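Numbering (our numbering), first residue to last: 181 to 575. Heads up, the beta-carbon is just placed ideally off N, CA and C, and yes, glycines get one too. Just so it is clear, the structure is predicted and the values come from calculations on it, not from any experiment. Working notes, beginning with the structure itself.
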């Protein structure tokens, strides 16, 4: 995708300067004409990447929509105000297209489905309810709360995983330096020795020789992949964070994180008027773990068939006894929205506390691992010296 700047004439014969996102100049031309504009000049501005800045703008977008709609301004006017003050070409394009679609009589939620990376099923479901009930202010506020919570959790994970990632990177660099520069010094000493070297020494020297022989190719490959690494930097970092979060030591944190997201989504969707079955369907989309997702699907199907929510939860491994007991009370009292909010806050606090604790425990484990790896390399290099007497005798 590319960002194009263009100059066009509108139906009032006035010049309009703006930007849009398109796959090619041809697509940009078609997009401009669909906006009832006559394109005069289309110029490639830059390559577009969906970075963190663009993704996080969702929070500002729904927060501003909530504020503007609370003042009594209609939806189209709200979007026009946001369009005027939007600094990001990607969002300027989205808002402009959104205005055009709504003015044509199309639904807000229908257009959002064209951008699944930005607007997930939960957001679209809440917007759909707002279109039916007219409660846009409350719906936008609910979406904003969900996105703010997710962003807060993401920042927490980033902060907590920063040190382990730096430590791991430093370890890799240190071992590479030892393999390329230190090991060859010992290798040259043992080259003329006819005595058979220990297996561990042979292994380390083989790895060192392999790295030195193929180092130019490895560097060339890294340089070739560098533009792609920068392009997909956010995705790579997110993948790395997810990998770290799936470590056995952090298994409990992963469960608590998914539980907090589950009950946040349940509470938010119930508040805007969705039925329990629809709420449970929305919660499935927020779960990342495959096993937990299966459990959530089982709960949704069971409730849809007419079973009690607490009974369906009890049949899975995902939901702890506390959640099952409170949901049972909620069903009897008719206060699912209250207890789902309580469980969200409880599991959210537990997740933050346990994640920080576990990641702090991970740091000494990494330090010990580094010490072991460096120790193995040094042992491999100095082990033949322990048999120096035999070597001298043979010489």
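- Proximity to residue 531 across 560, 495, 505, 433 peaks at 433, based on C-alpha coordinates.
- Look at residue 224 here: in three-state DSSP terms it is strand.
- By DSSP's assignment, residue 185 forms a beta bridge with 199, 223.
- Proximity of the stretch 253–261 to the stretch 343–359 falls short of the contact definition, fewer than three beta-carbon pairs being nearer than 8 angstroms.
- Residue 547 and residue 447 have their C-alpha atoms spaced approximately 42 angstroms apart.
- Rounded to the nearest whole angstrom, the CA to CA distance from residue 551 to residue 355 is 11 angstroms.
- For residue 218, the secondary structure class from DSSP, reduced to helix, strand or coil, is strand.
- When 195, 443, 371 are compared, the shortest CA-CA separation from residue 219 is found for 195.
- Going by C-alpha positions, residue 331 is about 10 angstroms away from residue 238.
- In the structure shown, residue 206 falls within a helical segment according to DSSP collapsed to helix, strand and coil.
- Here the stretch 283–291 lies against the stretch 301–311, with 3 or more beta-carbon pairs under 8 angstroms apart.
- Comparing alpha carbon positions, the residue from 376, 353, 379, 384 closest to residue 365 is 384.
- Around the beta carbon of residue 265, fewer than 16 other beta carbons lie within 10 angstroms, which makes this residue exposed.
- Each of 320, 312, 294 was checked against the Cα of residue 454, and the nearest Cα belongs to 312.
- Annotation: residue 296 is outside any alpha helix (DSSP H) and is labelled neither H nor E by DSSP.
- Assignment of residue 487 by DSSP, reduced to helix, strand and coil, places it in the coil class.
- Contact annotation: residue 444 and residue 466 have beta-carbon atoms nearer than 9 angstroms.
- By the neighbour-count criterion, in which a residue is buried when 16 or more other Cβ atoms sit within 10 angstroms of its Cβ, residue 322 is buried.
- Nearest neighbour of residue 489 by Cα position, chosen from 335, 301, 520, turns out to be 520.
- Distance between residue 515 and residue 405, taken at the CA atoms: about 54 angstroms.
- Secondary structure of residue 457 (DSSP, three-state): helix.
- Per DSSP, reduced to three states, the secondary structure at residue 191 is coil, with no helix or strand assignment.
- Of all alpha-carbon atoms in 513, 340, 458, the one lying nearest the alpha-carbon of residue 541 is that of 340.
- An exposed status is given to residue 565, since fewer than 16 other beta-carbon atoms sit within 10 Å of its beta-carbon.
- The Cβ atoms of residue 436 and residue 535 lie closer than 9 angstroms to each other.
- Only residues of its own chain outside the window of five on either side were considered, and among them 359, 363 have a CB closer than 6 angstroms to the CB of residue 388, listed in chain order.
- Boundaries of the alpha helix (DSSP H) harbouring residue 512: 501–513, taken from the DSSP string.
- Judged by DSSP in its simplified three-state form, residue 375 adopts coil rather than helix or strand.
- For residue 267, no alpha helix (DSSP H) encloses it, and the DSSP letter there is neither H nor E.
- In the structure shown, residue 287 adopts coil according to DSSP, grouped into three states.
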